[in-house]
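**Q** Can you read through this structure? Questions will come right after.
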Amino acid sequence: MTRLEQQRSTYSVGGGGWRRILLLAIPVAALAFFLGVWLDPLSGQGTVFDQWTYPAMSVGLLLLELVLWRRERSTNWVTTSMVLLSCVFFLSKLIYVLYFLPPGLSIQAEMTESFFWIPAVYMLALLIPNLKAARVITFIFFAAMTLVSVGYAVLTGWTMQSSGVLFALIEMLLANLTLLTLTQAFIGYKDRLSAIQAQADALEQLVHTDLLTGLPSRLRLEQELGEAVAHGEAFTLLFIDVDGFKMVNDTLGHSSGDQVLREFAGRLRSSLRAQDLAARIGGDEFVVILQGAAPTWAAALAQRLLAELARPFTVRGQQVQLSASIGISVFPEDSRDAETLLRHADAAMYQIKRTGRNGVRRFDAALDAELERTVLLTREFQFALAREQLTLVFQPIYHLETGEMGKVEALLRWTHPEFGMVSPAVFIPIAESSGQIMPVGRWVLERACVQARCWREDYGWAGTVTVNVSSVQFAQPGFVDEVKAALLLSGLPAHKLELELTEGAVMQDPALVQAALRGLRRLGVEITIDDFGTGYSSLAYLRDLPIGCVKIDRSFIEDIASPRRAPQYAVALITAIVGIARTLDLQVVAEGVETAGQLEAVRSFGCDFGQGYYFARPLDAASLTELLDRGQPEAATAHHKRLN
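Count along the sequence shown from 1, add 40, and you get the number used in the working numbering.
Spelled out as structure tokens, the structure:
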């Protein structure tokens with residue numbers, strides 16, 4: 041139950057409350073009625089009306105007081121006092137009727153008359169919006185009624201027995217004080233209900249409105265979307281994501297980012313019709329419902345929104361240029377379900393992000409299938425390590441001069457029970473985006489080191505194990521400590537571990553990279569640049585960073601004998617890479633060697649190592665252990681003979 045619901049329930053009767061109050065009130069009402077019928081005629085003044093009016097009104101007041109008191113007994117001292125006074129008032133009437141009512145005295149009839157004004161006073165209190173005015177009016181009313189009653193008693197009662205007159209006066213004062221207290225409590229009760237309703241309205245406004253931009257919130261969007269679907273008329277959904285907004289927050293600060301979002305929300309609102317709705321659902325994401333809009337008109341509007349966002353934003357005197365990716369889904373063509381429509385528009389937007397951003401795309405079924413598979417694989421990969429679905433395979437890397445297996449590269453594989461073998465090109469980006477790359481990368485590093493130490497101890501293999509490191513994993517502050525821990529755990533000498541980094545990972549943060557690489561070199565770990573020549577190839581970082589080896593990308597090796605491409609360009613690039621490496625005293629590995637012709641070519645270029653299917657495919661640990669036990673593979677042996 042929410043806080044608002046708890047407050048509302050505080051002022052309601054439920055859960056058996058009515059039953060308990062009625063069980064208490066019915067016997068009291070019956071007793072009061074029969075006492076009135078039996079005793080009132082003894083005074084000689086009673087009528088049938090007087091016999092039931094006073095007991096019924098007294099019990100009615102008591103009932104209302106008990107209802108209020110039951111819900112407020114811990115917080116409202118006014119209502120508690122009202123209950124006590126009402127009990128005194130009720131008991132005093134019984135005692136007075138039983139023992140002190142003098143013959144001929146008609147004060148009871150006068151008191152009964154006053155009860156006719158109570159409903160009128162209650163109605164007046166309800167109709168007066170000002171609480172202070174309502175309290176003043178009711179106070180004046182009951183004060184006047186008390187003065188009239190006291191005056192009447194004084195004028196008519198001095199000839200009666202003094203004890204009866206005194207008690208009647210006390211009775212009247214208690215009765216009117218009780219009624220005044222009850223009315224004041226009723227007005228306060230009404231005021232609290234009004235305050236709670238105002239709080240509820242404010243809370244509802246808060247929940248349904250985005251505080252930063254003033255646009256409807258995600259909750260309001262879901263409600264409007266559900267109503268639009270239920271109504272059944274066609275509409276179009278736009279899912280808008282601002283490209284590169286994180287850069288604004290990182291460079292100019294979050295306050296500047298908030299200013300950009302507010303201005304964009306204003307531009308978005310001014311571009312729509314009165315019947316359309318634009319909502320901010322979080323961060324830099326917006327959703328627009330275009331009522332009755334055809335897909336072509338919606339696409340044209342999306343292009344106008346791109347143009348609006350492309351206009352520079354002025355933040356603290358600086359011009360900020362942004363773009364957006366917009367996905368479109370249409371009801372009922374794409375789906376008749378609100379949540380599915382939103383997901384489809386999101387999927388179309390995500391596809392724009394993947395293909396370059398700053399564009400508009402309509403949802404299609406093939407896109408949905410791809411996204412569903414990605415989402416499913418992302419969820420499944422979270423449990424892949426715990427369910428032992430991840431394994432390591434090892435591809436040998438041979439020295440081109442000696443023919444010996446000088447290195448092995450540890451490669452991660454994922455075998456899913458339903459999807460089978462999942463490509464690393466698919467699950468590695470998933471692991472990086474979901475954060476799973478950290479525990480998985482740590483596991484790969486430890487297992488590869490342990491396996492290399494076993495081969496070293498059991499078979500005397502003196503080679504090096506190479507492990508690919510994700511740029512996300514490498515950027516973690518404690519990465520060097522993780523490498524050190526893996527070496528200590530496995531007992532592998534540090535110089536027998538080689539870490540492969542892409543050029544992108546090396547160039548992402550030069551200061552952080554230099555510190556991490558120098559820390560690894562102090563441990564004795566070797567560093568290799570993978571896929572060299574395909575990224576930010578720079579002589580500066582090759583010169584300045586402690587790198588020991590570069591790998592020529594397989595695409596260059598493939599181009600050597602490709603009839604569709606000019607092999608002379610590949611030859612020139614490989615020659616240049618090898619020349620640079622020789623000048624900087626770096627080792628060179630040619631990967632992707634699959635034919636004898638490619639092998640002879642990379643040897644002629646002066647490469648130190650070769651890797652590829654010509655030598656061996658990736659092998660599991662058991663197969664590579666058998667290979668070490670048996671000796672050099674046939675391909676490597678034949679190559680060694682040709683070299684000599």
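Here a beta-carbon is modelled for each residue, glycine too, at the ideal position from N, C-alpha and C.
These numbers come from a predicted model, not from an experiment.
#1: Going by C-alpha to C-alpha distance, which of L349, G357 and Y390 sits closest to G367?
#2: Whose CA, out of L440, W454, G399 and E444, lies closest to the CA of E420?
#3: Quick one: grab the DSSP three-state call for R487.
#4: Identify, in the order they occur along the chain, each residue of the same chain with its Cβ nearer than 7 Å to the Cβ of R487, setting aside the five sequence neighbours on each side.
#5: Starting from W501 and walking both ways along the beta strand (DSSP E), at which residues does that stretch end?
#6: Measuring straight from C-alpha to C-alpha, what distance separates I236 and A242?
#7: In chain order, what are the residue ranges of uninterrupted beta strand (DSSP E) at least 3 long that sit wholly in the segment 231-305?
#8: From this set, E522, L528 and F645, which residue's C-alpha is nearest A37's C-alpha?
#9: Measure the alpha-carbon distance for A385 versus V633 and round it to whole angstroms.
#10: Below 8 Å on the Cβ atoms is my contact criterion, and I expect G504 with A450 to pass it. Report the Cβ-Cβ distance as a whole number of Å.
#11: Between K393, A388 and T395, which lies nearest to A409 when the distance is taken from Cα to Cα?
#12: Taking the straight line between their C-alpha atoms, what separation do you get for V590 and V520?
#13: Taking V611 as the reference, give the member of D669, G588, C647 and L252 with the closest Cα.
#14: What are the start and end residues of each continuous beta strand (DSSP E) run of 3 or more residues lying completely inside the segment 503-555, in chain order?
#15: Does any CB atom of chain B fall closer than 9 Å to the CB of L312?
#16: Confirm, please, whether the CB-CB distance from A630 to I614 is below 9 Å.
#17: Please list, in chain order, all residues of the same chain as H756 whose beta carbon is under 7 Å from its beta carbon, the five residues on each side excluded.
#18: What are the boundary residues of the alpha helix (DSSP H) that S365 is part of?
#19: Give the secondary structure of A426 by DSSP, where H, G and I count as helix, E and B as strand, and everything else as coil.
#20: Flag this pair as yes or no: are the beta carbons of E566 and L527 separated by less than 9 Å?
#21: For G652, collect the residues of the same chain with a Cβ closer than 7 Å to its Cβ; drop the 5 residues on either side in sequence, then sort them by chain order.
#22: For my contact list, L265 and L330 are in at a C-beta cut-off of 8 Å; report their separation, rounded to the angstrom.
#23: Taking DSSP as the reference, what is the three-state secondary structure of V360?
#24: Tell whether a beta-carbon distance below 9 Å holds between V462 and V360.
#25: Whose C-beta lies closer than 7 Å to the C-beta of L452 among residues of the same chain, with five residues either side of it excluded?
#26: Where does A378 land, buried or exposed, given buried means 16+ other C-beta within 10 angstroms?
#27: Is it buried or exposed for K286, if we count other Cβ within 10 angstroms and need 16 for buried?
#28: Among L667, L425 and R394, which has the Cα closest to the Cα of L411?
#29: How is Y653 classed by DSSP in three states: helix, strand or coil?
#30: Starting from the C-beta of L582, find all residues in its chain whose C-beta is less than 6 Å away, skip the five residues before and the five after it, and write them out in chain order.
#31: Any idea what DSSP makes of D688, helix, strand or coil?
#32: Helix or strand or just coil, what does DSSP make of E379?
#33: Can you tell which of C489, V355 and F655 has its C-alpha closest to the C-alpha of K524?
#34: Hey, could you find the ends of the beta strand (DSSP E) Q627 is sitting in?
#35: Confirm, please, whether the CB-CB distance from L560 to P533 is below 9 Å.
#36: Taking I569 as part of the alpha helix (DSSP H), name the residues at either end of that continuous run.
**A** On the basis of the coordinates in this document:
#1: Measuring C-alpha to C-alpha distances from G367 to each of L349, G357 and Y390 identifies Y390 as the nearest.
#2: Shortest Cα-Cα distance from E420 to any of L440, W454, G399 and E444 involves W454.
#3: The answer is helix: DSSP assigns R487 an H, G or I state.
#4: Around R487: L432.
#5: First-last for W501: undefined, no H or E at that position.
#6: Taking the straight line joining both Cα atoms gives about 10 Å.
#7: Counting whole runs of 3 or more residues, the segment 231-305 contains the beta strand (DSSP E) stretches 275-283.
#8: Here the chain has residues from 41 to 684 only, and residue 37 is not among them.
#9: Cα-Cα distance, rounded: 44 Å.
#10: With the sequence shown as reference, residue 504 is identified as Thr, and Gly is not the correct amino acid for it. Not confirmed; about 11 Å, so no contact.
#11: Measuring from the Cα of A409, the nearest candidate turns out to be A388.
#12: Straight-line Cα distance between these residues: approximately 21 Å.
#13: Answer by Cα proximity: C647.
#14: As far as the segment 503-555 is concerned, its whole beta strand (DSSP E) runs of at least 3 residues are 504-508 and 537-542.
#15: Absent here is chain B; the protein component of the structure consists of one chain.
#16: Closer than 9 Å, so yes.
#17: Nothing can be reported for residue 756, as the shown portion of the chain is limited to 41 through 684.
#18: Counting along the chain, S365 falls outside any alpha helix (DSSP H), though it belongs to the beta strand (DSSP E) covering S363 to F371.
#19: Here A426 sits in coil by DSSP.
#20: Cβ distance not < 9 Å, so E566 and L527 don't count as in contact.
#21: These residues qualify, in order along the chain: E631, G632, V633 and E634.
#22: Their Cβ separation, rounded to whole angstroms, is 12 Å, which puts L265 and L330 out of contact at 8 Å.
#23: Three-state result, V360: strand.
#24: Going by C-beta atoms, V462 is not nearer than 9 Å to V360.
#25: If we look at L452 and ignore the five residues flanking it on each side, its Cβ neighbours are L430, L432, P464 and V484.
#26: When all chains shown are included, A378 counts as buried.
#27: An exposed status is given to K286, since fewer than 16 other beta-carbon atoms sit within 10 Å of its beta-carbon.
#28: Out of L667, L425 and R394, R394 has the C-alpha closest to the C-alpha of L411.
#29: Residue state, collapsed to three classes: coil.
#30: Cβ-Cβ distances below 6 Å link L582 to L624 in the same chain, with the five nearest sequence neighbours on each side left out; the list follows chain order.
#31: Here the chain comprises residues numbered 41 to 684, so residue 688 is not present and cannot be evaluated.
#32: Residue state for E379 is assigned as helix, using DSSP reduced to three classes.
#33: Taking the Cα of K524 as reference, the smallest distance to any Cα among C489, V355 and F655 is reached at C489.
#34: That run of the beta strand (DSSP E) goes Q627 to E631.
#35: Taking the C-beta atoms as reference points, L560 is found no nearer than 9 Å to P533.
#36: Premise fails: I569 lies in the beta strand (DSSP E), E566 to F572, not in any alpha helix (DSSP H).
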